[in-house]
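Written below as structure tokens is the structure these notes are about.
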Amino acid sequence: MNASDPPVHRRSVLRAGAGAALTGALTAGCADRGDAAGASTGTGTAAASPKNTPATATTGHPAPHPAPAPRRFPGQPARIDHGPRDRARVALTFHGQGDPAIARTVLAEAERAHARITVLAVGSWLDEHPEMARRILDGGHDLGNHTQRHLDISAMGEAEAYAEITGCAQRLRRLTGSIGTWFRPSRTRYATPLVQRLAARAGYPHVLSYDVDSLDFTSPGAAAVTRKVAGEIRNGSVVSLHFGYADTVAALPLLLTEIDRRQLRAVTTTELLT
């Protein structure tokens, strides 16, 4: 932590304005397009490597502020499940898919509490909502790769799995100037050795897993999501959450309050490991 870090979020900050934001998102419609939903059918395969493709925005002009690129963290394994256990920091990671109105509310709630999150975006979601990439980055959050179509990558052959990784990477580069800071495989908690190798080939030194699963994609209710996370979170935890679910939106202020009560700090995954 350094002098430029934002202050630790306070419970009073969480309460201010949360009701209006939640009401707007919940009434906007909560069609579920998260982990259990399919996405578009294109693989997004391109001839150029995502590491070498020029950074362009959707207009064809250079991206205004190139996003951070993946980096290697010495001493960390190829698959990262959590951060250091001796520092009072946690990372809330969100699978980026679903209703963009709900996604914007999640981002606003986090920012109101001076928290930063990590978003692993699905490439087909970025095709439909390209503005979300810059919105995430402008809020100070991490943005990463959660494959192009969000299919079961563990069941794919080498060529198809690599196309899933690079397809999303190319979209991220086109929109932000970077292939994203992290890669998380789709439909699985743990990457297979093959997927780890393919991610490294695509430019991601680590694959990002998690040690706390909120199970919010099962829509168990906001109270159940809060209890599940609160019962397992600790120093260094990486929590799996999702855009696109009303339960997640409703639970987030409660989760951030609980994180604050425990004197933890919600940071990006990059900050967690730095």
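The sequence shown begins at 151 in this note's numbering and counts up one residue at a time.
Built from N, CA and C at the ideal position, the CB exists for glycine as well.
Every value quoted in this text rests on a predicted model; they were computed, and no experiment measured them.
If you compare the alpha carbons of Ala313, Leu242, Leu301, Gly233 with that of Ser364, the shortest gap goes to Leu242. Contact annotation: His300 and Ser336 have beta-carbon atoms nearer than 8 Å.
In this structure, the beta-carbon distance from Ile315 to Thr297 falls below 8 Å. Contiguous beta strand (DSSP E) elements confined to the stretch 203–275 occur at 239–246, 268–271, taking only those with 3 or more residues. Under the three-state reduction of DSSP, Phe333 is assigned to strand. Ala265 is the residue among Val256, Gly225, Ala265 whose C-alpha sits nearest the C-alpha of Leu414.
Bridge pairing for Gly294: Leu270 [DSSP]. Of the candidates Leu358, Gly307, Trp275, Ser304, Trp275 places its Cα closest to the Cα of Leu325.
For Gly371, the closest of Tyr395, Trp332, Arg384, Leu270 by C-alpha to C-alpha distance is Tyr395.
If you compare the alpha carbons of Glu382, Asp249, Ala352, Ala228 with that of Tyr340, the shortest gap goes to Ala228. Distance from the CA of Thr338 to the CA of Asn385, rounded to the nearest whole angstrom, comes to 24 Å. Secondary structure note for Leu391: it is in no alpha helix (DSSP H), and the uninterrupted beta strand (DSSP E) holding it is 388–392. Each residue's CA atom was taken as its position, placing Gly248 and Arg262 some 22 Å apart. According to the DSSP assignment, Ala341 belongs to no beta strand (DSSP E), since it is labelled neither H nor E. Collapsing the DSSP output to three states places Leu325 in a helix. For Arg415, no alpha helix (DSSP H) run applies; the uninterrupted beta strand (DSSP E) run containing it begins and ends at 415–417, by DSSP. Rounded to whole angstroms, the separation of the alpha carbons of Phe367 and Gly290 is 25 Å. Ranked by Cα distance from Val269, the options Ser304, Arg334, Arg222, Gln320 are led by Arg334. Distance check between Asp410 and each of Arg239, Asn295, Pro355, Tyr360 places Arg239 closest, using alpha-carbon atoms only.
Here the alpha carbon of Leu402 sits roughly 21 Å from the alpha carbon of Leu358. Nearest Cα to Leu344 within the set Ser328, Ile303, Gly317: Ile303.
Here Pro220 is near Tyr354, since their CB atoms are less than 8 Å apart. With fewer than 16 other Cβ atoms inside 10 Å of its own Cβ, Gln226 counts as exposed. Take the alpha-carbon of Asp397 and the one of Ser387: they are about 21 Å apart. Ile383 is the residue among Ile383, Ala400, Gly317, Arg284 whose C-alpha sits nearest the C-alpha of Tyr360. For the pair Leu257 and Glu308, the CB atoms are not nearer than the 8 Å cut-off.
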